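This report refers to the structure that appears directly beneath it.
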Amino acid sequence: MAAVPGVRVLLSLHRSVIVQRSFGLVPVQLASTCLPRRLCSATTRNKPKPPAVSENESLLENLNVMGVDVKMARRRQPGVFRKAFTNEHGLAEFLLEKGASRRSIASIISRYPRAITRSIDHLEQRWKLWRNIFSTDAEIVTILHRSPESFFRTSDNESLEKNIDFLISLGLNSKDLHRMLTTAPRTFSNSLELNRQMVEFLEDICVELGGKDPEQFAKTVISRNLYVLIRSTKRVKVNIENLRSVLKLNDSELLALLQGNGADIVDLSNEYLKKNFNSLQQRLTAHGCNEDDVKKLIISYPNILYIGSETLSNKLDCLLEGGITIQQILGKPKVLDYSTQNIAGRLKDLQKLGYDFQKNGIALLDSSQKRFIAKLNKLAAETR
DNA sequence: ATTACCGGGGTCTGCCATGTAT
DNA sequence: ATACATGGCAGACCCCGGTAAT
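Structural data, given as structure tokens:
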């Protein structure tokens, strides 16, 4: 049964989280593991200037040796450079052991210098927690390289544990958590309180709209849109209000939209969503569509509002110039899912064969490359 | 055998401002 | 006073294929 491995992962995850809790927390910031004297940054030299403002020179040297972009790092977190004790060497050893390259480690420190203030104990514990969700070190290394801040920004491992528990309690499964930590790792560095606020906010929305199962609603929205938890409730709220008002949705319509494909667009920036809506509406109106057409289009394909106004405009031009009508697009908006380039190429291919969109419809534009090619070959064979 | 319907998958950080602890 | 911790922001789609319906 396909579900079994997933369940097992989930159980073991939960168990180890509980086990770890009993270890208690190890104080961080205590760079205990400065091994070779040369790379240890404890300063013994006397500084002429007030010690609070001068930089730790052995640290600077260490970072230079390691290939860190010191200028960048200093610009980002100057305070780190004035610390008497740091753990750059311990961090490097730790990450090397996990499979990160020296280059990558240098880049990580350049982009998030505070990483070198974390103790080995802290790092080990945090890594273990992440490993509850990822099955290999390599996956974590990838994320760290991509987004050092997500891993290092908080020193609060307890909060990370609580977040994992909390997310599981919402009904998110191990696959959801994996995807979430991959694509929106910041979620796990949020305070538990912040995540909770978003969940409660979503539940409240559900209740306000007459929904019967607020927990399920929140879970659905979050698993459909993994970015929700790294947005502000204000942003999501404004978007929901705007959608409701511009589309003149009643409670149940809005509820359905939000827990359906509309979940994808609630985290867009407020202005972007507004702008996209306005330009879409303007464009459609110019082609003789009424308010109801716009509403139906967006309900059936909310992702249309995800497409930037310029991109969308080009895409529409491309279709219209290819002899396709607005009415056809309204009837099959998913063709807009494909890139303008892709659409243009297909239109060209089909035109060569004298494909009649009026007769055959435009569904062929909304198909995978494989299927499209297969169809194209068949058509070509028939024409011959 | 084709087409329609539908849902899923990848992927997304790096900076700034402010509050808080020391 | 300073560094740390944390919240918030802008940024801006595309593609594939299983399976039901015809």
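Residue numbers (numbering that gives the first Met the number 0): 0 to 383. Ideal placement from N, C-alpha and C gives every residue a C-beta, glycine not left out. Computed from a predicted structure; not experimentally measured.
1. Can the beta-carbon of Ile264 be found less than 8 Å from the beta-carbon of Leu304?
2. Considering Cα atoms alone, identify which of Leu208, Glu148, Ser251, Gly98 is closest to Arg75.
3. Would you decide whether Ala114 is buried or exposed? Buried here means 16 or more other CB atoms lie within 10 Å of its CB.
4. Mapping DSSP to helix, strand and coil, what is Ile132?
5. Decide if the region 106–113 is in contact with the region 71–85; the criterion is three or more beta carbon pairs, one per stretch, under 8 Å apart.
6. Hey, quick one: how far does the alpha helix (DSSP H) through Asp348 stretch, first residue to last?
7. Any idea if Ala384 is buried or exposed, counting beta-carbon neighbours within 10 angstroms, 16 or more meaning buried?
8. By DSSP, does Gln327 sit in helix, in strand, or in coil?
9. How many angstroms separate the CA atom of Val412 from the CA atom of Glu252?
10. Can the beta-carbon of Phe80 be found closer than 8 Å to that of Leu95?
11. Pairing CB atoms from the region 269–288 with CB atoms from the region 203–213, are three or more of them under 8 Å?
12. Is Thr232 helix, strand or coil by DSSP?
13. What does a CB cutoff of less than 8 Å around Arg102 pick up in its chain, not counting 5 residues either side in sequence?
14. Taking the alpha helix (DSSP H) that Glu96 falls in, what are its first and last residues?
15. Compute the Euclidean distance between the alpha carbons of Leu352 and Leu346, then round it to the nearest angstrom.
16. Quick check: Leu246 and Ile297, are their CB atoms within less than 8 Å of each other?
17. What residues in its chain sit with their C-beta under 7 Å from that of Asp292, if we drop five residues either side in the sequence?
18. When you compare only the Cα positions, how much space is there between Val25 and Ile229?
19. Under 8 Å, do His286 and Ile323 count as touching if we go by C-beta distance?
20. Is it buried or exposed for Asn289, if we count other Cβ within 10 angstroms and need 16 for buried?
21. Which of helix, strand or coil does DSSP assign to Phe177?
22. Any idea if Ala217 is buried or exposed, counting beta-carbon neighbours within 10 angstroms, 16 or more meaning buried?
23. Residues in the same chain with beta-carbon distance under 8 Å from Lys97, minus the five sequence neighbours each way, listed in chain order, please.
24. Around the C-beta of Pro301, are 16 or more other C-beta atoms found within 10 angstroms, so that it is buried, or is it exposed?
25. Quick one, which of Ala362, Ser367, Leu349, Phe356 has its alpha-carbon nearest Thr382's?
26. Tell me which same chain residues have a C-beta within less than 8 Å of the C-beta of Leu180, skipping the five on either side of it?
27. Can you check which of these residues, Leu169, Lys174, Ser190, Leu176, is closest to Leu159 by C-alpha distance?
28. Which full runs of the alpha helix (DSSP H) of 4+ residues lie inside the region 193–264, going along the chain?
29. Who are the Cβ neighbours of Thr310 in its own chain at under 8 Å, not counting the five residues just before and after it?
30. Would you kindly check if the distance between the Cβ of Asp266 and the Cβ of Asn224 is under 8 Å?
31. Taking 8 Å as the cut-off, decide whether the C-beta atoms of Ala183 and Val220 are in contact.
32. So Arg117 and Asn162 are in contact, right, with Cβ under 8 Å, and what is the actual spacing, rounded?
33. Buried or exposed: which applies to Gln124, given that a residue is buried once 16 or more other Cβ atoms fall within 10 Å of its Cβ?
34. Our contact map puts Lys333 next to Asp365 with C-beta atoms below 8 Å; I'd like the distance itself, whole angstroms only.
35. Straight-line CA distance for Gly259 to Asp316?
Checking against the coordinates, here is how it stands:
1. Taking 8 Å as the Cβ cut-off, Ile264 and Leu304 qualify as a contacting pair.
2. Of the candidates Leu208, Glu148, Ser251, Gly98, Glu148 places its Cα closest to the Cα of Arg75.
3. Flag for Ala114 reads buried.
4. Note: Ile132 maps to coil in three-state DSSP.
5. The answer is yes - the region 71–85 touches the region 106–113, with three or more Cβ pairs under 8 Å.
6. Residues 339–351.
7. The question about residue 384 has no answer here: the residues shown for the chain are numbered 0 through 383.
8. In the structure shown, Gln327 falls within a helical segment according to DSSP collapsed to helix, strand and coil.
9. Nothing in the structure corresponds to residue 412, since the chain is present only between 0 and 383.
10. Not in contact: Phe80 and Leu95 (Cβ atoms no closer than 8 Å).
11. Fewer than three Cβ pairs drawn from the region 269–288 and the region 203–213 lie within less than 8 Å of each other, which leaves the two stretches out of contact.
12. Secondary structure of Thr232 (DSSP, three-state): helix.
13. Excluding residues within five positions, the ones whose Cβ falls inside 8 Å are Gly66.
14. 87–96 is the extent of the alpha helix (DSSP H) around Glu96.
15. Cα atoms of Leu352 and Leu346: separation of roughly 10 Å, rounded to the nearest angstrom.
16. Yes, Cβ-Cβ distance for Leu246 and Ile297 is below 8 Å.
17. Around Asp292: Leu283, Leu329.
18. Any reading at Val25 must be qualified, since the residue scores a pLDDT of 29, below 50, and its modelled position is unreliable; the value itself is stated next. Their Cα atoms are separated by approximately 27 Å.
19. Contact: no.
20. In summary, Asn289 is exposed, with fewer than 16 beta-carbon neighbours lying within 10 Å of its beta-carbon over all protein chains present.
21. Sequence check: residue 177 is His here, not Phe. Three-state result, His177: helix.
22. With 16 or more Cβ atoms within 10 Å of its Cβ, Ala217 is classed as buried.
23. If we look at Lys97 and ignore the five residues flanking it on each side, its Cβ neighbours are Trp126, Asp136, Ile139, Val140.
24. With 16 or more other Cβ atoms within 10 Å, it is buried.
25. Residue Leu349 is the option with its Cα nearest to Thr382.
26. Closer than 8 Å at the Cβ level, and outside the excluded window around Leu180, lie Trp129, Ile132, Phe133, Ile142, Thr186, Phe187.
27. Checked all of Leu169, Lys174, Ser190, Leu176; the closest Cα to Leu159 is Ser190.
28. Counting whole runs of 4 or more residues, the region 193–264 contains the alpha helix (DSSP H) stretches 213–223, 232–246, 250–258.
29. Only residues of its own chain outside the window of five on either side were considered, and among them Thr339 have a CB closer than 8 Å to the CB of Thr310, listed in chain order.
30. A contact, by the Cβ cut-off of 8 Å.
31. Annotated as distal: Ala183 and Val220, with beta-carbon spacing of 8 Å or more.
32. About 18 Å separates the beta carbons of Arg117 and Asn162, which is beyond the 8 Å limit, so they are not a contact pair.
33. Buried, since its Cβ has 16 or more Cβ neighbours within 10 Å.
34. Correct: roughly 5 Å between the Cβ atoms.
35. Going by the C-alpha atoms only, they are around 28 Å apart.
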